[in-house]
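In case it helps, my numbering puts the sequence shown at residues 1101 to 1370. Ideal Cβ positions, reconstructed from N, Cα and C, are used throughout, including at glycine. Note that the structure is predicted; figures quoted are calculated from it, not measured.
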Amino acid sequence: FLFIRRMRTMTKNKVKTKKKVNSYIKILLWMCLGGAIGAVVGLGTFAAEGNLQTAFADIRMWIGTHTVLLLAVLFVLSVVISIVCYRKGEGIVGQYLNSNDDEQQEELDRQYDFWGNIGMTGSTVLLYLSIAIFAFGLWGKGKEGAVQILIGAVFFLLAGAVCAIYQVATVKQIQKKDPMKHGDAADLRFQKDWIRSCDEVEKRVIYEASYKAYTVGRTLLLVAVCICILGEMYFGGCLTAIVMLTICNIVMTLVYSYHVNRLGKLGLNS
1101 FLFIRRMRTM TKNKVKTKKK VNSYIKILLW MCLGGAIGAV VGLGTFAAEG NLQTAFADIR
1161 MWIGTHTVLL LAVLFVLSVV ISIVCYRKGE GIVGQYLNSN DDEQQEELDR QYDFWGNIGM
1221 TGSTVLLYLS IAIFAFGLWG KGKEGAVQIL IGAVFFLLAG AVCAIYQVAT VKQIQKKDPM
1281 KHGDAADLRF QKDWIRSCDE VEKRVIYEAS YKAYTVGRTL LLVAVCICIL GEMYFGGCLT
1341 AIVMLTICNI VMTLVYSYHV NRLGKLGLNS
């Protein structure tokens, strides 16, 4: 018996040692692969530098010229998404409060989470896009562009106000459906108060989805740093950073939203 235990211990130690060695090799291989990909991308970028500069300059010019139109479109989209999602949620909350059937309430919960997820994610993404496009509108504008900047600022602020109002109203709507939820969306302590009022399953969904979004965001930010190093080759250093940060925020928001929806439907062990 002692001999068997000793052999098992030796086998486990060998396996652990082997795993450690393999881990070191794997990380080195990943680094080599990343370096190779970076070298290929870098050589391709330098080879196509002239075409890239022209293409991105045209994009920058087009966005800067149509800033007001784009911000107006984003404002309209934010209004439409906010109204549709809020009204859908309000109808579902009404059915939920008037129902005594557990199965029906569970189905209504799923429907409410679906529309709430679309509304929150959509309003956040539209807000990020509005910030980025407004930055393009400011870039390179002199006194002659003051009127355009002013009109763009109005649409930008309106879009931001609509998204903020919708999110505050949605929080109150959730509290109407579930009085156990606490917190004022306009309070700096809102996140802490809200988490404390969630049950254990809700907390696990939030934490797991947050971790998955973090892991994606960590890699994405590393790529963004590498792209920003070459920023002058594209939109210009400042605008490249704005574009990359906007993309990172949008991707992390979408990843978090996807995993919250997925975990809510399939369970935490999926």
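- Task: Give me the Cα-Cα distance between Leu1171 and Ala1259, rounded to the nearest whole angstrom.
- Result: 8 Å
- Please say whether Ala1285 and Val1360 have beta carbons closer to each other than 8 Å? no
- Would you tell me roughly how many angstroms separate the C-alpha atoms of Ser1178 and Ala1136, rounded to the nearest one? 42 Å
- Name the residue from Asp1201, Asp1299, Ile1233, Leu1208 whose alpha carbon lies nearest to the alpha carbon of Trp1162. Ile1233
- Task: Return the residue from the list Val1351, Leu1363, Gly1364, Val1343 that minimises the CA-CA distance to Arg1160.
- Result: Val1343
- Query: Can you list the beta strand (DSSP E) stretches of 3 or more residues lying completely in the region 1186–1249, in chain order?
  - Reply: none
- Message: Quick check: what's the CA-CA separation for Met1220 versus Ala1313?
- Response: 16 Å
- Item | Val1271 versus Gln1211 - alpha carbon distance | 16 Å
- Can you tell me whether Trp1130 is buried or exposed, with buried defined as 16 or more other CB within 10 angstroms of its CB? exposed
- Item | Expected contact under 8 Å - CB spacing of Val1096 and Lys1292 to nearest Å | The question about residue 1096 has no answer here: the residues shown for the chain are numbered 1101 through 1370.
- Compare the beta carbon distance of Cys1328 and Ala1341 with 8 Å and say whether it is the shorter of the two. yes
- Query: With C-beta atoms as the reference, is Glu1190 less than 8 Å away from Gln1273?
  - Reply: yes
- Message: Quick check on the DSSP output: the alpha helix (DSSP H) that includes Lys1292 runs from which residue to which?
- Response: 1290–1297
- Query: If you draw a straight line from the alpha carbon of Gly1216 to that of Leu1339, how long is it in whole angstroms?
  - Reply: 32 Å
- Please state if the CB of Gly1283 and the CB of Ser1297 are separated by a distance shorter than 8 Å. yes
- In angstroms, rounded to a whole number, what distance separates the CA positions of Ile1181 and Leu1229? 15 Å
- Task: Mind reading off the beta-carbon distance from Val1168 to Ile1251? Whole number of angstroms is fine, and I expect it under 8 Å.
- Result: 5 Å
- Would DSSP call Gly1164 helix, strand or coil? helix
- Query: What do you reckon, are the CB atoms on Ser1223 and Tyr1266 nearer than 8 Å?
  - Reply: yes
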